[in-house]
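S.K.: I have a structure here, written as structure tokens, and I will follow up with some questions on it.
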Ligand code: GRG
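Residue numbers (our numbering): 5 to 301.
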């Protein structure tokens with residue numbers, strides 16, 4: 005299966021689930037907040053994290069797109085992070101996924117509230133997904149810990165925190181790796197582990213998926229650093245050149261654009277080798293690793 009085919013499938017099944025959640029929220033939370041929930045959930049992202057959930061699910065022996073609910077839960081956590089990342093107190097951006105950011109479309113208060121409210125929505129979607137997959141409560145507990153640890157202080161929030169503190173200060177490579185592994189890498193790594201857990205993968209399989217996800221997660225943010233320099237706002241659907249405007253340390257700045265690209269490609273190869281060594285070779289996850297480091301280039 006090609007990366008494009010996996011992304012299309014992930015988009016179709018995840019978006020179906022996100023549409024259902026948006027309709028339920030619109031009905032139960034009338035007015036602007038309900039509209040804002042729908043605006044956030046129905047925004048046109050690439051759905052890379054859902055594709056990783058489904059790719060890992062299949063690599064670990066799962067059938068069809070039965071893990072769509074798990075993929076939707078991860079995408080909802082990612083969506084909340086984008087809404088908050090764009091706020092004036094963080095990156096202060098006007099454009100996201102080719103549309104006005106939430107606080108531009110609505111207002112800062114609405115964007116702040118809807119971002120926070122998406123977190124329990126993700127928890128509920130994950131619990132429903134585990135029930136559809138007939139996973140027992142202990143496995144659901146492990147999945148919830150995987151998702152929310154990755155979204156918390158040891159992962160995404162912690163990485164973003166370091167990133168904000170580091171603005172206008174030159175980070176060295178180990179510090180930058182810590183920011184990237186937390187801010188972006190943790191949720192990508194968790195997507196792979198969650199797909200494996202949903203398929204009841206063996207501990208060896210889970211470890212390989214986690215190692216694949218860790219390498220791909222870092223490679224993803226390195227490629228994002230490069231795109232911020234080389235891409236246009238139209239291509240990216242968000243404001244290009246933002247890292248330089250915010251005086252952020254990036255891989256492109258530390259290693260140069262070519263050096264950063266080479267490091268992302270090295271990590272993609274390493275990611276695939278982890279799967280091969282565990283006997284989990286997956287053409288779809290291999291293709292997705294390649295896509296992640298070459299997208300828009
Ligand atoms: C309170 C400190 C604190 C943090 C709150 C805002 C936040 C949590 C975390 C920010 C995490 C973040 C936005 C990381 C960047 C990740 C990234 C590279 C996003 C772009 O991902 P794509 O390219 O986007 O997959 P699409 O739109 O395609 O989904």
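From the three backbone atoms N, C-alpha and C, an ideal C-beta is built for every residue, glycine too.
Note down, in chain order, each residue of its chain lying with its Cβ closer than 7 Å to the Cβ of residue 116, except the 5 sequence neighbours on either side.
M.R.: For residue 116, where only same-chain residues beyond five positions count, the Cβ hits under 7 Å are 91.
S.K.: For the stretch 166-177 against the stretch 204-222, do three or more pairs of beta-carbon atoms, one drawn from each stretch, fall closer than 8 Å, so that the two count as touching?
M.R.: No contact exists between the stretch 166-177 and the stretch 204-222.
S.K.: Checking the sheet assignment: what are the DSSP bridge partners for residue 100?
M.R.: 103, per the DSSP bridge assignment.
S.K.: What three-state label does DSSP hand residue 77 in the structure shown?
M.R.: Helix.
S.K.: Taking 6 Å as the cut-off, is the C-beta of residue 160 nearer than that to any heavy atom in the ligand GRG?
M.R.: Yes, the Cβ of residue 160 comes within 6 Å of a heavy atom of the ligand GRG.
S.K.: Any heavy atom of the ligand GRG within a distance shorter than 6 Å of the CB on residue 246?
M.R.: Not so, every heavy atom of the ligand GRG lies at least 6 Å from the Cβ.
S.K.: Whole angstroms are fine: how far does the CA of residue 34 sit from the CA of residue 188?
M.R.: When rounded, the distance between both Cα atoms is 33 Å.
S.K.: Check residue 118 in the structure and name its three-state DSSP category.
M.R.: Helix, per DSSP.
S.K.: Could you say which of 219, 111, 266 lies nearest to residue 181 if we only look at CA atoms?
M.R.: Nearest C-alpha to residue 181: 219.
S.K.: With three or more C-beta pairs closer than 8 Å as the rule, is the stretch 70-78 touching the stretch 90-110?
M.R.: No: the two stretches stay apart, fewer than three of their Cβ pairs being nearer than 8 Å.
S.K.: What residue range is occupied by the uninterrupted alpha helix (DSSP H) comprising residue 277?
M.R.: Residues 255-281.
S.K.: What residue from 66, 47, 243 has the CA that sits closest to residue 19's CA?
M.R.: Comparing Cα-Cα distances from residue 19 to each of 66, 47, 243, the minimum goes to 47.
S.K.: Kindly list the residues whose CB is nearer than 6 Å to the CB of residue 81, restricted to its own chain and excluding five residues on each side of it in sequence; keep chain order.
M.R.: Answer for residue 81: 126, 155, listed in chain order.
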